[in-house]
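Working notes, beginning with the structure itself.
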Amino acid sequence: MMSEASAHVVKLDGVERHFGAVRALDGVDLIVDRGECVGLVGHNGAGKSTLMHILAGTLTPGRGTIAINGTAQRKYSVALAQKLGIRCVFQELSLCPNLTVAENARVNHASLRGFGWRRRAGDLILAKLDEIFPGHGVGPGDIVRDLSIGKRQMVEVARAFTVTDDPLHLVILDEPTSSLDAETAGQLLSFVRRVVAAGVCCILISHLLREVLENSDRIVVMRDGKVVASGAGADFDRNRLVTAMGAERKDRAATAAARVRADTPMRVRARPQRQTDTTELVAHAGEVIGLAGLSGHGQTDLLLAIFAAAGHARANVEVTAPVALIAGDRQADGIFPLWSIAENIGVRSIVRLRSGLLISTEREDELAEAWQKKINIRTPDLHNNILSLSGGNQQKALFARALGSDADIVLMDDPMRGVDLATKLEVYQLIREEADRGRTFLWYTTETDELDNCDRVYVFRNGRIVADLDRHEVTEEKVIQSSFIESA
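Each residue of the sequence shown is one higher than the one before, counting from 285 in the working numbering.
Have a look at this one:
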């Protein structure tokens, strides 16, 4: 008969971790049992990712104990975690961009060696991709850097669930759907429910509270490095989660009234390359324009075309004001990882920050400090490296860069990936305030709920605009229907 201790795949007791003067974890206890999905929620900086890095072996705790399958671990490491059946899909993807999909699968499986290992690794990852994401469109020979961020996320997830010599007991999923559209996210969560029913356990970290509520057997809420609430998933609803996290829920209908388009100047007029009819995207001063539809159907391509047209004229694109871009893939396209927080914020405003031929550090600091206060970037020192910030605070720095610049048009390429609810509410309010001052926002999002913040929504399918909806027409059903069925 299995003992109570061995029933626990993971048992963490009193785990602490400090980063200088910052206490990231303050005596955290966590238990994960076989065949259960534990939802882990909390705002950015609450300690969730730090705790998961400790469980994955990439960080060591300052204090506390780690027991896996009933056995205390004294010299815990990534290699040992892998051997014990612990896998992790990190929020910031860990694939090697210069390697193929098959070669990335080999990184986790040392037993794949000798003649024909690439074929075996390719078969292994392809079979798992087919199982989790039917119709994924990824080949084992594809170079990872050439894949969209959504497909990279699929490969990362599939790799975590592949098995050769080492067992699979626990998979940590840190914002696993953040780069996936509704269809592929549904495929993943359906698969998670199947593997949990088969006895594997999962830890699901997500800022999409509906995902946590619908898929978790047990929910743990963290705030300021501590567990502040835990219990059966059925005992929680959205209001209880939001209250425990310390975030204020605001009425979705509290956005400003729709504007009369003729009253404000046109800022952007653009037509996707594949558009064969007269439909085009039009954005006026003070509008928040949403771009919706399944991932990879031309939304990002059009944003990049608009961004390029601000510097050089392009066919089918008209831009009448300076433009700034907030990237969704902050690691690849957003942050400068060797620079400080202040430098990352100021890089879009170099002309204003110059003193003669040099950049004035005083002006740069003033700009960064002003936006730190306005957007609540959590850091003890703006001269720290940008990577010292949590993922959500890095994204805030990218917003500060764009909004602190002279850009009257702000392009947002699914910028809320992996951002907590409290931060989202702050940013939504800031976007509305800036729009009321006359700024124009073009906002591609894979989260249907975010479209409630938009004055108008264009739905994309196969590189074309297939629906043009004003704010009163936008419903999840209409967006989904338009995503799969082209307009006549």
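From the three backbone atoms N, C-alpha and C, an ideal C-beta is built for every residue, glycine too.
Non-local C-beta neighbours of Asn669 in its own chain, meaning closer than 7 angstroms and more than five positions away in sequence, comprise Ser624, ordered along the chain. The residue from Asp547, Gly577, Gly323 with its alpha-carbon nearest to that of Ala466 is Gly577.
Taking 7 angstroms as the cut-off, the Cβ atoms of Gly323 and Ile503 count as close. The C-alpha of Ala611 is placed about 16 angstroms away from the C-alpha of Ile573. Setting aside the 5 residues that flank it on each side, Ile433 is surrounded in the same chain by Ser463, Asp613, each with a C-beta closer than 6 angstroms to its C-beta; the list follows chain order. Between Ile427 and Val385, the alpha-carbon positions lie close to 6 angstroms from each other. Assignment of beta strand (DSSP E) within the segment 285-362, counting only whole runs of 3 or more residues, yields 292-303, 306-317, 321-325, 347-352 in chain order. In the three-state DSSP reduction, Arg390 falls in the helix class (H, G or I). Leaving aside the five residues that flank Tyr712 on each side, the residues in its chain whose CB is nearer than 7 angstroms to its CB run, in chain order, Asn737. Under the three-state reduction of DSSP output, Trp623 falls in the coil class, being neither helix nor strand. Taking the CA atoms as reference points, Ala389 sits about 19 angstroms from Thr342. Judged by beta-carbon spacing, Leu637 lies within the 7 angstroms limit of Glu648, meaning their Cβ atoms are closer than that value. One Cα belongs to Phe744, the other to Ala363, and the distance between them is close to 44 angstroms. Taking C-beta atoms as the reference points, Met696 and Trp727 count as a pair closer than 7 angstroms. In this structure Gly509 touches Asp310 by the C-beta definition: roughly 4 angstroms separates them, less than 8 angstroms.
Uninterrupted alpha helix (DSSP H) stretches at least 4 residues long and entirely within the segment 659-740 occur at 675-687, 705-720, given in chain order. Rounded to the nearest angstrom, the gap between the Cα atoms of Asp704 and Val505 is 12 angstroms. Here the C-alpha atom of Ala605 lies approximately 7 angstroms from the C-alpha atom of Arg551. It is roughly 8 angstroms from the alpha-carbon of Ile715 to the alpha-carbon of Phe725. Nearest to Leu682 by alpha-carbon distance, out of Asn628, Gly640, Thr645, Gly419, is Asn628.
Unbroken alpha helix (DSSP H) runs of no fewer than 4 residues, entirely contained in the segment 415-446, are found at 433-445, following chain order. Ser514: member of the beta strand (DSSP E) spanning 510-516, first to last residue. Around the CB of Asp739, 16 or more other CB atoms lie within 10 Å, so the residue is classed as buried. Using a Cβ distance threshold of 7 angstroms, Val373 and Pro460 count as a contacting pair.
Three or more beta-carbon pairs separated by less than 8 angstroms are not found between the segment 509-529 and the segment 471-488, which leaves the two stretches without contact.
The DSSP-derived three-state label of Asp501 is coil. By the CB criterion at 7 angstroms, Asp698 and Thr732 fall outside the cutoff.
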